[in-house]
Amino acid sequence: RRVHGEIILGEKMQASELILYSYFRSSASWRVRIALNLKKVTYKYMPIHLVKDGGAQRKEDYIKINPMKHVPALAIGDQILIESMPICEYLEETYPEPGLLPKDPIRKARVRAFCEMVNSGMQPLQNLKVLQRIESEYHGKGAEWAKPWIADGLRALEAFISKETGKYTFGDQVTLADVFLIPQALSAQARFGIDLNDYPRIAEVVKNLNELPEFEAAKPQNQPDFEA
Amino acid sequence: RQNMQSSEFVLYSSFRSSASWRARIALNLKRLKFKYARIYPGDQLKEDYIKINPMKHVPALVVGDQVLVESMPICEYLNEIYPEPALLPKDPIRKARVRAFCEIINSGMQPLQNGKVITRIESEYQGKHVEWAKPWIADGLRALEAFISKETGKYSFGDEVTLADVFLLPQASAAQTRFGIDINDYPRIAQVVKNLNELPEFDAAKPQNQPCLLYTSPSPRDS
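Going down the list, the protein sequences come from chains A and B.
For the first sequence, our numbering assigns the number 1 to the initial residue and increments by one for each residue that follows.
For the second sequence, our numbering assigns the number 1001 to the initial residue and increments by one for each residue that follows.
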């Protein structure tokens, strides 16, 4: 188990002023943790508890950091970046190795599209504030609401990469698609009772990604604010 | 149009979809001709279209024999292949902020108002689409207003149009026409929208100016 968010993963450590506002279970935070690990960038972990006490993300102090009241946020010196996709794109540009996006523009667009299918097509429909409202205002059950969206999204992701080969989503090199896939796939299993084996290529890719230390270190259970 | 570049682009678009609208604006700003492939409501659920986009969403952009999906990657692709006029700042931090503004809309707001979500709220949860969506949209606009509160200039991020504006206009329009939101509650947003509405590239992209107009009034099924 890591403490204080210090991820020691190899020789190429870069000191930085990065502070990551994160919740252990937030899949968007999880994506950024993976990306930071892959780029071997150290950061300070600032936990934002999304549930306790009405949610730290709803308090004035945090709204100043991110008016959307979401995690993650990445503080870089006196600048704040929000939204996991732009944060990952920034890391990709600022720390080019290892490259997480193909150079070919069409292929790059396809990797980004895979990320967006997760980022805008799936996760917003399962995030905490939506589930809370479905339950409180519409007397629904969060899992019943979310599961069909997640299943349909996984079906689409499986189809989108059905002609790809290699260990990971788009070949034998890890890309941002993998960074976005793991939190979505693992939360689909853990929280919504989805069987990933219904999506064979996805399942195989997830199995391969789970062997990588950068992905392991980013998991909720390895975060300083983890609660069982 | 002046200076149009011919291209092999085919845009699958629904006139009512705000994500399609973004792609139309971007193509216009880059002066790119494109063929308009009409997707009528429901067409996106058919087998032929699922082969084009397994997410069953519009837009999709056909480039030769390749298909691009998702409005944000489509816009990024257009910006890379046709660098002028530039739609993203060069400074990495500023670029990240413009992208974040887009994502607040792309992933933080629009998915909660799109047709399939509204349909389910109404049919399965006996909800009303305005009651469901309006708080999300209002809260998002509040966040966008705060996010650009220190910016100056005609548009979202200064005096040059960026992708932030491409994403803003369709969202602001939906907020007003479908959800009864008064944009003037968000003064900087309202001023930017007013300025954008004067640009021909934005005007040409509006739903009422598209070739597959079926209805003249907004519908809950609009995205």
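Backbone N, C-alpha and C define an ideal beta-carbon position, used for all residues, glycine too.
Fair warning: this is a prediction, and the values are worked out from it, not measured in the lab.
message: Spatial neighbours of Cys88 (chain A) within its chain, please: C-beta separation below 6 angstroms, excluding the five flanking residues on both sides.
response: Within its own chain, the residues whose Cβ lies closer than 6 angstroms to the Cβ of Cys88 (chain A), once the five positions on either side in sequence are excluded, are Ala35, Leu176, listed in chain order.
task: Using DSSP bridges, identify the partner residues of Phe1009 (chain B).
output: Bridge partners of Phe1009 (chain B): B:Val1063.
- prompt: With a cut-off of 8 angstroms, does the C-beta of Gln1176 (chain B) fall near any C-beta of chain A?
  reply: False, the Cβ-Cβ gap to chain A never drops below 8 angstroms.
Residues that Tyr1125 (chain B) contacts on chain A, provided the C-beta gap is smaller than 7 angstroms: Tyr138, Gly140, listed in chain order.
field: Neighbour-count burial assignment, Gly153 (chain A), 16 or more Cβ in a 10 Å radius
entry: With 16 or more other Cβ atoms within 10 Å, it is buried.
task: Name, in chain order, the residues that DSSP records as bridge partners for Leu81 (chain A).
output: The bridge partners DSSP lists for Leu81 (chain A) are A:Leu74.
query: Under a three-way DSSP split, which group does Met117 (chain A) fall into?
result: Helix.
query: Counting only beta-carbon atoms, is Leu131 (chain A) nearer than 8 angstroms to chain B?
result: Closer than 8 angstroms: no.
Distance between beta carbons of Val1098 (chain B) and Leu1162 (chain B), contact taken as under 8 angstroms: Before going further, note that residue 1162 (chain B) is Thr rather than Leu in the sequence given. Correct: roughly 5 angstroms between the Cβ atoms.
- prompt: So Lys141 (chain A) is in the beta strand (DSSP E); what residue range does that whole segment cover?
  reply: For Lys141 (chain A), there is no enclosing beta strand (DSSP E), as DSSP gives it neither H nor E.
- request: Kindly indicate which residue of B:His1057, B:Met1055, B:Lys1206, B:Val1192 has the alpha-carbon position closest to the one of Thr1177 (chain B).
  value: Out of B:His1057, B:Met1055, B:Lys1206, B:Val1192, the CA that lies nearest to the CA of Thr1177 (chain B) is found in B:Lys1206.
query: What residue from A:Val205, A:Gly142, A:Leu91, A:Met68 has the CA that sits closest to Thr165 (chain A)'s CA?
result: Minimum Cα distance to Thr165 (chain A) is reached at A:Val205.
task: Report the option in A:Phe114, A:Val71, A:Gln132 whose CA atom is closest to the CA atom of Ile161 (chain A).
output: It is A:Phe114.
query: If you draw a straight line from the alpha carbon of Thr169 (chain A) to that of Gln123 (chain A), how long is it in whole angstroms?
result: When the Cα atoms are used, Thr169 (chain A) and Gln123 (chain A) turn out to be separated by approximately 18 angstroms.
- request: Go ahead and pull the three-state DSSP assignment for Val174 (chain A).
  value: DSSP, reduced to helix, strand and coil, places Val174 (chain A) outside both helices and strands of the structure shown, so it counts as coil.
- request: Have a look at Arg58 (chain A) and Asn1114 (chain B) and give me their C-alpha separation to the nearest angstrom.
  value: So the two alpha carbons sit approximately 25 angstroms from each other.
- request: Could you name the residues of the same chain whose beta carbon sits closer than 6 angstroms to that of Ile1052 (chain B), not counting the 5 residues immediately before and after it, in chain order?
  value: Result list for Ile1052 (chain B): Ala1060, Val1067, in chain order.
message: Out of A:Lys207, A:Asn208, A:Ala203, A:His70, which one is the CA nearest neighbour of Leu157 (chain A)?
response: That would be A:Ala203, whose Cα lies nearest to the Cα of Leu157 (chain A).
query: How many Å lie between Leu101 (chain A) and Gly1064 (chain B) at the Cα?
result: Taking the straight line from one Cα to the other gives about 22 angstroms.
message: At the 8 angstroms Cβ level, is Arg1099 (chain B) part of the contact set with chain A, yes or no?
response: The Cβ of Arg1099 (chain B) sits closer than 8 angstroms to at least one Cβ of chain A.
- prompt: What does a CB cutoff of less than 7 angstroms around Ile76 (chain A) pick up in its chain, not counting 5 residues either side in sequence?
  reply: Cβ within range, chain order: Glu17, Leu18.
- prompt: Are the beta-carbon atoms of Phe1009 (chain B) and Leu1029 (chain B) separated by less than 8 angstroms?
  reply: A distance of 8 angstroms or more separates the beta carbons of Phe1009 (chain B) and Leu1029 (chain B).
message: Rounded to whole angstroms, what is the Cα-Cα separation between His1129 (chain B) and Ala1143 (chain B)?
response: Straight-line Cα distance between these residues: approximately 21 angstroms.
message: Out of B:Asp1203, B:Tyr1040, B:Lys1090, B:Leu1078, which one is the CA nearest neighbour of Ala1026 (chain B)?
response: Considering only alpha carbons, the answer is B:Leu1078.
message: Is the separation between the beta-carbon of Ile1093 (chain B) and that of Gln79 (chain A) shorter than 8 angstroms?
response: Yes, Cβ-Cβ distance for Ile1093 (chain B) and Gln79 (chain A) is below 8 angstroms.
message: According to DSSP, simplified to helix, strand and coil, what is Ala1037 (chain B)?
response: DSSP places Ala1037 (chain B) in strand when its eight states are reduced to three.
field: Bridge partner(s) assigned by DSSP for Leu1045 (chain B)
entry: Looking at the DSSP assignment, Leu1045 (chain B) forms no beta bridge with any residue, so it has no partner.
message: Does chain A have any CB closer than 8 angstroms to the CB of Gly1153 (chain B)?
response: Using beta-carbon distances, Gly1153 (chain B) does not count as an interface residue toward chain A, since no partner is under 8 angstroms.
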